[in-house]
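So the number in the numbering used here is just where the residue sits in the sequence shown, counting from 1, plus 38.
See below for the structure under consideration.
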Amino acid sequence: MCCGFGIGGKPAAISTRTCNVARRGLADAAEIGENSFRFLLPYRATRRDWSLMEDALRESRQQAAAGRFAEAEATCRRFLQQHPQHVEALSLLAGIYCQWGEFDKGIDCLQKALRFRPEDAALNATLGDVYSAADHVEQAIECYRRTIELNPLDAQTHNNLGAALKRKGDLHGARVNFEAALKLQPELALTRKNLADLLLTMGQHDQAVALYEQAVSMAPDNAELRNGLGLVRFGQGNFEEAIAQYREALRLAPEYAAAEENLASALRAAGQLEASIAHSRNAIRLQPERLSARLGLATALRDLGQVEEAVAVLQALLSLAPRHADARNNLGLALTDLGRFDEAIAYIEEALRLNPSHVSAYHNLGDLARQGKYRFSADQLERIRALLASPTLPLADRCLLNFTLGGVLNNQGQFDEAFGCYQQANDIMQHLREKTARSFDRAEHQQLVDATIATFDQKFVEDVSLRGLETDVPIFVVGMPRSGTTLVDRIISSHPDAASAGELRDIPQLASQLSKMTGNVDYPAGVVAVNERTVRDLAQSYLERLYERTGAVQRIIDKAPVNFMYLGLISLLFPHARIIHCQREAMDIGLSCYFTKFTSLSWAWRLEDIGFYYAQYERLMAHWRAVLPLQMFESSYEALIADPATVTRELLDFCGLPWNDRCLEFYKADSTVQTASRVQVRQPIYRTSVGHWKNYESHLVPLRRAIEQPHEA
39 MCCGFGIGGK PAAISTRTCN VARRGLADAA EIGENSFRFL LPYRATRRDW
89 SLMEDALRES RQQAAAGRFA EAEATCRRFL QQHPQHVEAL SLLAGIYCQW
139 GEFDKGIDCL QKALRFRPED AALNATLGDV YSAADHVEQA IECYRRTIEL
189 NPLDAQTHNN LGAALKRKGD LHGARVNFEA ALKLQPELAL TRKNLADLLL
239 TMGQHDQAVA LYEQAVSMAP DNAELRNGLG LVRFGQGNFE EAIAQYREAL
289 RLAPEYAAAE ENLASALRAA GQLEASIAHS RNAIRLQPER LSARLGLATA
339 LRDLGQVEEA VAVLQALLSL APRHADARNN LGLALTDLGR FDEAIAYIEE
389 ALRLNPSHVS AYHNLGDLAR QGKYRFSADQ LERIRALLAS PTLPLADRCL
439 LNFTLGGVLN NQGQFDEAFG CYQQANDIMQ HLREKTARSF DRAEHQQLVD
489 ATIATFDQKF VEDVSLRGLE TDVPIFVVGM PRSGTTLVDR IISSHPDAAS
539 AGELRDIPQL ASQLSKMTGN VDYPAGVVAV NERTVRDLAQ SYLERLYERT
589 GAVQRIIDKA PVNFMYLGLI SLLFPHARII HCQREAMDIG LSCYFTKFTS
639 LSWAWRLEDI GFYYAQYERL MAHWRAVLPL QMFESSYEAL IADPATVTRE
689 LLDFCGLPWN DRCLEFYKAD STVQTASRVQ VRQPIYRTSV GHWKNYESHL
739 VPLRRAIEQP HEA
């Protein structure tokens, strides 16, 4: 009898059939399940009276069952000195070694046992399980196939063979064996999970979701299945359901490090960054060697604006794993945020030396190259083109490389070829979105704009004016993405009496909170039912959030461009807030959005959708100008580029700030910048981006038509 191990390496219930993979980690062990090392006792028990078993061997089994493995090993070895051909004793000793992670010794014991009983299917299967745990995949496959020859009805071995073939890259063979296992034993929830994971890899999401749901219904208290269903929901973009499944997995298995890490990822995607950081730290506490959790922690810290701390986490990771290419690439990205370009380039180039096919590293260098901070070598460009020519390149990687090559070609003036690259990149973005979630819905977006205009009409705005906080600290810099919001933010925050909180998600999240507070009435309709106390509480919590990010200063900027959608709510919360509306030539905005990898902006992947979204933005801004009492400054990107001193003075006057020369030298400030313009705003103002759309005019007919098409008010 052997001791099973559950999640996190903790002793589980003793089984007369199994001995779990104790030290391989959940990601690998899960595929062959808790019933992995299958020893011979059940099989032999049908053929032998266990009352005749020698006392010494029985004692060794009892010691192993109690987790006293050192004593069990000593007892078992003494027994084998007297009975060297005893198959059950050799199997037991193998199980003890496997609990310690000494798989080679376990393999040696099982090979000896097979010499005495070569036709035993269970022994062959067990040896395959140990080979699998020791990363000897080819040998594991050979053992599993031998087992199936001896016992074609062994569903568990079909499952384990499928898992081994998947690791080898034989996806078709893996699918055949998973399906064979389910045909033999339909109640195998774990095999449904394995087949679902395989189908996800093959892009067959609908079938995978159905299998996962079946598996969870069959074994609702299985933490691994809950975690797996969470991964499926996350892949669909359903972050709330993913979070719920991960939390349930952790309720069932509180020390499940993989679920902690996955929960952190889902929370980060949902914008709950503080909670994400807490769960990343939990995962690291449970498994300090879990490097992916450290990467996730650094990402969340960077997203929260704590870039220096993210750098420290990545440097600590590299002290543990100096050749970790992803960590070097991510560290380069964080250093780019801090304006430390030379250091950033060194780390990213080292990532490419470690992994010459590191697509994200090429993309990050491409961001620097577009702003003249990096120059790709001929060899690097040849490598990028070679990767793009590979038919096996994953779509997500093909997308990144097309954005990268498009930027290089744009800088070289090869505009037609550059546009082709950007078009391929955006087509892939659209395709990947359609596989996992809904695409941008123009009718739905127009309905939201219509509802916003209808809710925040002149009468409502007048009735609720002055309900919020009496403070003029917040400044909201709004507009379309790529309209100059980062530049304006950088200029004002260079003033000693002002600071930037970055692109916060708080205002959209407050809108969602209002829905729950008003009986799940969707925003914006639910605003009508909000009382003054709630308004002030929400405003106070947001203001405290600003101070947490920046400290106490006279003016604090939230530069999330999308806040133009919520100016009515902002007026309700902060009637004395200042709004800086950034404007730019519509065609330049549209082209720049199309040329930027906006993962979360589904409207930015088609020229027609960009034009439609822009037209709706213009319609809503016209409404805000007509009804809101807020102070609003209209900032023209072209005017700012042409005469930065005059426009900067006007901006400071509007913000109630005295003149300061530092605002004209904003590019010298050492603060963090994390937007798509983070390289550009580290340089003096230049004019090459004005009118750039004309180089692509022949390609932009759909954009212009959509912008100019009239839409109902």
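Backbone N, C-alpha and C fix where the C-beta goes; we use that ideal spot for every residue, glycine too.
The DSSP-derived three-state label of F692 is helix. Note on geometry: alpha-carbon atoms of L525 and L658 lie some 23 angstroms from one another. Only residues of its own chain outside the window of five on either side were considered, and among them L666 and L668 have a CB closer than 6 angstroms to the CB of S609, listed in chain order. In the displayed model, A537 falls within a strand according to three-state DSSP.
The beta carbon of H661 sits closer than 7 angstroms to those of I491, all from its chain and outside the five residues before and after it, given in chain order. Per the DSSP secondary-structure output, F514 pairs in a beta bridge with D596 and I617.
Annotation for A359: L329 and A365 place their beta carbon closer than 8 angstroms to its own, counting only its chain and skipping 5 residues before and after. If one requires a minimum length of 4 residues, the alpha helix (DSSP H) runs lying completely within the segment 260-331 are 261-273, 277-290, 295-307 and 311-324, in chain order.
When I513, D535 and A624 are compared, the shortest CA-CA separation from Y580 is found for I513. Taking 8 angstroms as the cut-off, the Cβ atoms of A321 and A331 count as close.
Secondary structure at F671: strand, using DSSP grouped into helix, strand and coil.
Across the set K231, D488, D626 and A481, the C-alpha of D626 shows the shortest separation from the C-alpha of G729. Inclusion of A407 and N367 in the CB contact set at 8 angstroms is not warranted, their separation being larger than that value. Each residue's CA atom was taken as its position, placing S630 and D465 some 16 angstroms apart. Counting of Cβ neighbours within 10 angstroms places P156 among the exposed residues, the total staying below 16. For the set L130, Q123 and A302, the Cα lying nearest the Cα of R96 is the one of L130. Note that the segment 699-707 does not touch the segment 645-656; fewer than 3 beta-carbon pairs, one per stretch, sit closer than 8 angstroms. When DSSP states are grouped into helix, strand and coil, F498 belongs to the helix group. Our two residues, I595 and L209, have alpha carbons roughly 51 angstroms apart in a direct line. In the three-state reduction of the DSSP assignment, Y585 falls in the helix class.
Taking all protein chains in view, the Cβ of H469 is surrounded by fewer than 16 other Cβ atoms within 10 Å, so the residue is classified as exposed.
When the alpha-carbon of I134 is set against those of R99, L233 and E347, the nearest one is in R99.
Looking from the CA of H614, the closest CA among R574, V511 and F602 belongs to V511. Here the C-alpha atom of Y734 lies approximately 45 angstroms from the C-alpha atom of A248. With three or more CB-CB distances shorter than 8 angstroms, the segment 256-266 counts as touching the segment 222-231. Taking the C-beta atoms as reference points, A171 is found nearer than 8 angstroms to F141. Boundaries of the alpha helix (DSSP H) harbouring C114: F107 to Q120, taken from the DSSP string.
Each residue's CA atom was taken as its position, placing E347 and A336 some 8 angstroms apart. Contact between the segment 273-284 and the segment 238-257 is present: three or more C-beta pairs spanning the two stretches fall below 8 angstroms. For K635, the secondary structure class from DSSP, reduced to helix, strand or coil, is coil. Contact between Q547 and G343 does not hold, since their C-beta atoms are separated by about 16 angstroms, which reaches or exceeds 8 angstroms. DSSP places N232 within a helical segment (H, G or I) once states are collapsed to three. For S255, the secondary structure class from DSSP, reduced to helix, strand or coil, is helix. In the three-state reduction of the DSSP assignment, D527 falls in the helix class, which pools H, G and I.
The residue among R571, V739, I529 and P534 with its C-alpha nearest the C-alpha of E688 is I529. The residue among L645, Y412, R663 and N393 with its C-alpha nearest the C-alpha of R743 is L645.
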